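S.K.:
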Amino acid sequence: MLYDYLCTGRTQPPVVLDAEDLVHNTTATISKLCKQLVLDEDGVRQTWEPESTNERGITGDDWVMKLQYSRGIIRDAKRLPEGYLDLGVSMRDYGQEIGQDVASTLRGMVEGEMEAYLYLRRRKL
0 MLYDYLCTGR TQPPVVLDAE DLVHNTTATI SKLCKQLVLD EDGVRQTWEP
50 ESTNERGITG DDWVMKLQYS RGIIRDAKRL PEGYLDLGVS MRDYGQEIGQ
100 DVASTLRGMV EGEMEAYLYL RRRKL
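Quick look at the structure:
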């Protein structure tokens with residue numbers, strides 16, 4: 000695993016962030032990250048002004064447009080409890096959104112990487 004390779008010969012392991020922590024426990028996660036990296040957390044912005052219309056690029060990517068129009072970190076109202084993951088529910092929702100065939104392929108990929116995900120999650124900041 001790349002993480003283990005990057006740990007070789009280092010005094011500190013690489014930083015692993017969990018997106019759930021960054022989104023839903025932003026201040027504490029940023030504080031830990033800044034301490035780990037010896038950075039001044041006063042320089043981190045959690046809110047900002049959206050880009051002006053003149054600065055916006057033309058793109059069809061929804062996530063890019065959400066970022067450009069955002070005023071801060073977008074928190075998902077459907078936050079799951081720590082350690083909870085129900086692939087059946089997630090895949091049902093994805094199936095409705097992107098189709099059952101793609102959702103089924105996605106589920107296989109998630110199941111195939113779950114061991115690595117849990118390994119890294121145990122090492123998160």
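Residue numbers (numbering that gives the first Met the number 0): 0 to 124. Glycine included, every Cβ here is placed at the ideal spot set by N, Cα and C. No experiment lies behind these values; they were computed from the predicted model shown.
Using DSSP with H/G/I as helix, E/B as strand and the rest coil, what is Thr28?
M.R.: It is helical.
S.K.: Is DSSP giving Gly98 helix, strand or coil here?
M.R.: Reduced to three states, the DSSP call for Gly98 is coil.
S.K.: Looking only at its chain, what residues have a beta carbon closer than 8 angstroms to the beta carbon of Arg70, apart from the 5 residues adjacent to it on each side?
M.R.: Correct list, in chain order: Thr46, Trp47, Glu48 and Pro49.
S.K.: When the Cα atoms are used, what is the spatial distance from Leu119 to Gly8?
M.R.: 19 angstroms
S.K.: Taking Cβ to Cβ, would you say Leu124 is nearer than 8 angstroms to Thr28?
M.R.: yes
S.K.: In terms of alpha-carbon separation, which member of Asp85, Gly107, Ala18 and Thr10 lies closest to Thr72?
M.R.: The identity of residue 72 in the sequence shown is Ile, whereas the question assumes Thr. When each option's Cα is compared against that of Ile72, the closest is Ala18.
S.K.: For Thr46, which beta-bridge partners are listed by DSSP?
M.R.: Gly71
S.K.: Assuming Asp3 is part of the alpha helix (DSSP H), what are its boundary residues?
M.R.: Leu1 to Cys6
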